[in-house]
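K.L.:
As they're listed, the protein sequences go chains Y and S.
For the first sequence, my numbering gives the first residue as 17, with consecutive numbering after it.
For the second sequence, my numbering gives the first residue as 17, with consecutive numbering after it.
Virtual Cβ for every residue (Gly too), placed ideally from N, Cα, C.
2 protein chains.
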Amino acid sequence: MLKHKHDHDACIENALEAAQKICEERETRFTPLRRRVLELVWSKHEPITAYEVLDLLSDGKKRVAPPTVYRALDFLIEEGFVHRIESLNSFVGCSDPAHKHQGHFMICTKCSNVTEMNERSLHDVIKKAAESNGYSYENSILEIAGICENCRN
Amino acid sequence: MLKHKHDHDACIENALEAAQKICEERETRFTPLRRRVLELVWSKHEPITAYEVLDLLSDGKKRVAPPTVYRALDFLIEEGFVHRIESLNSFVGCSDPAHKHQGHFMICTKCSNVTEMNERSLHDVIKKAAESNGYSYENSILEIAGICENCRN
DNA sequence: AGTGCCTTGATATTCTATAACAATCAGGGC
DNA sequence: GCCCTGATTGTTATAGAATATCAAGGCACT
Ligand SMILES: [Zn+2]
Ligand SMILES: [Zn+2]
Ligand SMILES: [Zn+2]
Ligand SMILES: [Zn+2]
Numbered sequence: 017m018l019k020h021k022h023d024h025d026a027c028i029e030n031a032l033e034a035a036q037k038i039c040e041e042r043e044t045r046f047t048p049l050r051r052r053v054l055e056l057v058w059s060k061h062e063p064i065t066a067y068e069v070l071d072l073l074s075d076g077k078k079r080v081a082p083p084t085v086y087r088a089l090d091f092l093i094e095e096g097f098v099h100r101i102e103s104l105n106s107f108v109g110c111s112d113p114a115h116k117h118q119g120h121f122m123i124c125t126k127c128s129n130v131t132e133m134n135e136r137s138l139h140d141v142i143k144k145a146a147e148s149n150g151y152s153y154e155n156s157i158l159e160i161a162g163i164c165e166n167c168r169n
Numbered sequence: 017m018l019k020h021k022h023d024h025d026a027c028i029e030n031a032l033e034a035a036q037k038i039c040e041e042r043e044t045r046f047t048p049l050r051r052r053v054l055e056l057v058w059s060k061h062e063p064i065t066a067y068e069v070l071d072l073l074s075d076g077k078k079r080v081a082p083p084t085v086y087r088a089l090d091f092l093i094e095e096g097f098v099h100r101i102e103s104l105n106s107f108v109g110c111s112d113p114a115h116k117h118q119g120h121f122m123i124c125t126k127c128s129n130v131t132e133m134n135e136r137s138l139h140d141v142i143k144k145a146a147e148s149n150g151y152s153y154e155n156s157i158l159e160i161a162g163i164c165e166n167c168r169n
């Protein structure tokens, strides 16, 4: 999971292939633009802002406009390939795109690395807390700030 | 806790007095501007944006500038009188300013009412989850979207 | 009065996101 | 092929949220 411990090119490739396959199943359109934006989101392997994506997308002559990026991101989020990190106004690739879900994250305040937690038990606790306070549960964002194992050593 | 069930003027008054007292204890300055901004945040009793505060603050002739509002909000957040709701770019008065803490919220998607949960157990579960994933815990934001009891009836 | 520090004012700018409308592209029926 | 339709992308403009920077004012201490 940690950046220096994996082959990141393969990591990106996997994410793209998974997305491709899921879109075929759902009959949604994984267009070149959407594919490219997903690739750029994964390329950083840290939360990336929409405008960073925009800059990367605009190499050379033609500069793309914000709606182009935001629309692609909207699609990717809708399909569950990307999550938005509210506290950073940033986006990050989902580690488990096959199952639609709301992501819960830990964010390292030193290295900005983000880890997605897909823990059923935590999800259940949050849902229960809402219900015990009289709310029906729709979804939740959880973003924990802390320092990752690497950075503490 | 629900809007229609309490005397909201008293609610505001309590918040202002509590803040005043806490600032005296801490020897921080609860200036007229900061007091007024806190009053405006409470006045809505729903998340309020910085620019809404700005508009309310600018009654009549002189229009205040954004930094005036943001600086006051920064102070109020720092002191723990106000929380920021990340998913709404909004601010809300804290229900328990005496004890500094990170707020955990439920947000009604129908009426926009927000309820602050100060549940030790939930906080502990979140902290544990972070630690079991190798992160030290600094703080966390939890914002649950759902429908409140009122709106379901 | 003079100094230093905190607070507020004022101007400009940056960063984030969306509205509105035009152009293009893909697929289905003819 | 050609038209129709809906989805996608391009383009321009604008809205919304937050900060950088420097000037002015207020307060406490000497
Ligand atoms: Zn995910
Ligand atoms: Zn780290
Ligand atoms: Zn609180
Ligand atoms: Zn409600």
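Less than 8 angstroms separating the Cβ of ASN166/Y from some heavy atom of ligand 2?
P.N.:
The residue you call residue 166/Y lines up with position 150 of the first sequence. Yes, ligand 2 has a heavy atom inside 8 angstroms of this Cβ.
K.L.:
Taking the beta carbon of PRO82/S as the centre, do at least 16 other beta carbons fall within 10 Å, making it buried, or is it exposed?
P.N.:
Residue mapping note: residue 82/S aligns to position 66 of the second sequence, counting from 1. Its Cβ having fewer than 16 others within 10 Å, PRO82/S is exposed.
K.L.:
Shorter than 9 angstroms from the beta carbon of VAL141/Y to some beta carbon of chain S?
P.N.:
Against the first sequence, residue 141/Y aligns to sequence position 125. Yes, VAL141/Y counts as interfacial toward chain S.
K.L.:
Is any heavy atom of ligand 4 found at a distance shorter than 8 angstroms from the C-beta of ASN149/Y?
P.N.:
The sequence position of residue 149/Y within the first sequence is 133, counting from 1. Not so, every heavy atom of ligand 4 lies at least 8 angstroms from the Cβ.
K.L.:
Check whether the stretch 153-161 of chain Y and the stretch 149-165 of chain S are in contact - that is, three or more C-beta pairs closer than 8 angstroms.
P.N.:
yes
K.L.:
Can you check whether the CB of LEU73/Y is closer than 9 angstroms to the CB of THR84/Y?
P.N.:
Within the first sequence, the letter at position 68 stands for residue 84/Y. Within the first sequence, the letter at position 57 stands for residue 73/Y. Result yes, Cβ atoms of THR84/Y and LEU73/Y sit closer than 9 angstroms.
K.L.:
Looking at C-beta atoms only, is the number of pairs between the stretch 92-101 of chain Y and the stretch 44-60 of chain Y that lie closer than 8 angstroms three or more?
P.N.:
yes
K.L.:
Would you call ARG50/Y buried or exposed, if buried means 16 or more other Cβ atoms sit within 10 Å of its Cβ?
P.N.:
By one-based count along the first sequence, residue 50/Y stands at place 34. Buried.
K.L.:
Residues of chain Y with CB under 8 angstroms from GLY96/S, in chain order?
P.N.:
Mapped onto the second sequence, residue 96/S falls at position 80. Close partners of GLY96/S in chain Y (Cβ separation under 8 angstroms) are lacking, with about 17 angstroms as the shortest Cβ gap.
K.L.:
Note down, in chain order, all residues in the stretch 102-116 of chain Y with a beta-carbon under 8 angstroms from any beta-carbon belonging to chain S.
P.N.:
GLU102, SER103
K.L.:
Do VAL130/S and GLU68/S have their C-beta atoms within less than 9 angstroms of each other?
P.N.:
Translated into positions along the second sequence, residue 130/S becomes position 114. Translated into positions along the second sequence, residue 68/S becomes position 52. No, the pair does not count as a contact, with Cβ atoms beyond the cut-off.
K.L.:
Anything in chain Y within Cβ reach of SER152/S, meaning under 7 angstroms, just list it in chain order.
P.N.:
Translated into the one-based positions of the second sequence, residue 152/S becomes position 136. Simply GLY162, ILE163, ARG168.
K.L.:
Kindly identify the DSSP beta-bridge partner or partners of SER156/S.
P.N.:
Along the second sequence, one-based indexing puts residue 156/S at 140. ILE160/Y.
K.L.:
Only counting the same chain, and skipping five residues up and downstream in sequence, which positions put a Cβ closer than 6 angstroms to that of HIS99/S?
P.N.:
As a working note, residue 99/S is residue 83 in the second sequence. The residues are VAL108, CYS110, GLY119.
K.L.:
How far does the alpha helix (DSSP H) with THR47/Y in it extend, from its first residue to its last?
P.N.:
Locating residue 47/Y in the first sequence gives position 31, where the first residue counts as 1. Where THR47/Y is concerned, there is no enclosing alpha helix (DSSP H), given that its DSSP letter is neither H nor E.
K.L.:
Any heavy atom of ligand 1 inside 8 angstroms of the beta-carbon of CYS110/Y?
P.N.:
In the first sequence, residue 110/Y corresponds to position 94, counting from 1. At least one heavy atom of ligand 1 is nearer than 8 angstroms to the Cβ of CYS110/Y, so yes.
K.L.:
Starting from CYS167/S, trace the alpha helix (DSSP H) both ways and give me its first and last residue.
P.N.:
Residue mapping note: residue 167/S aligns to position 151 of the second sequence, counting from 1. CYS167/S: member of the alpha helix (DSSP H) spanning 165-168, first to last residue.
K.L.:
Return yes when at least one heavy atom of ligand 3 lies under 8 angstroms from the C-beta of GLU132/S, else no.
P.N.:
Taking the second sequence and counting its residues from 1, one reaches residue 132/S at position 116. GLU132/S Cβ: within cutoff of ligand 3.
K.L.:
Nearest chain S C-beta to SER128/Y closer than 9 angstroms, yes or no?
P.N.:
As a working note, residue 128/Y is residue 112 in the first sequence. False, the Cβ-Cβ gap to chain S never drops below 9 angstroms.
K.L.:
For PHE91/Y, which residues of its own chain have a beta-carbon under 6 angstroms away from its beta-carbon, when the five flanking residues on both sides are left out?
P.N.:
Here residue 91/Y corresponds to residue number 75 of the first sequence, with the count starting at 1. Only ARG50 meet the Cβ criterion.
K.L.:
Distance check for LEU70/Y and LYS60/Y, CA to CA, integer angstroms please.
P.N.:
Sequence index remark: in the first sequence, residue 60/Y carries index 44 (1-based). Sequence index remark: in the first sequence, residue 70/Y carries index 54 (1-based). One C-alpha to the other measures close to 13 angstroms.
K.L.:
Going by beta carbon distance, what residues of the same chain come within less than 6 angstroms of ALA88/S, once the five residues before and after it are set aside?
P.N.:
In the second sequence, counting from the first residue as 1, residue 88/S sits at position 72. By the criterion of a C-beta distance shorter than 6 angstroms, ALA88/S is surrounded in its chain by LEU49, ARG50, VAL53, once the five residues flanking it on both sides are discounted.
K.L.:
Answer with yes or no whether the minimum CB distance from ILE157/S to chain Y is below 9 angstroms.
P.N.:
Here residue 157/S refers to the residue found at position 141 when the second sequence is read from its first residue. At least one chain Y Cβ lies under 9 angstroms of ILE157/S.
K.L.:
Can you check whether the C-beta of GLU62/S is within less than 9 angstroms of a C-beta belonging to chain Y?
P.N.:
Stepping through the second sequence from its first residue, residue 62/S is reached at position 46. Among the residues facing chain Y, GLU62/S is not included, as its CB has no counterpart in that chain under 9 angstroms away.
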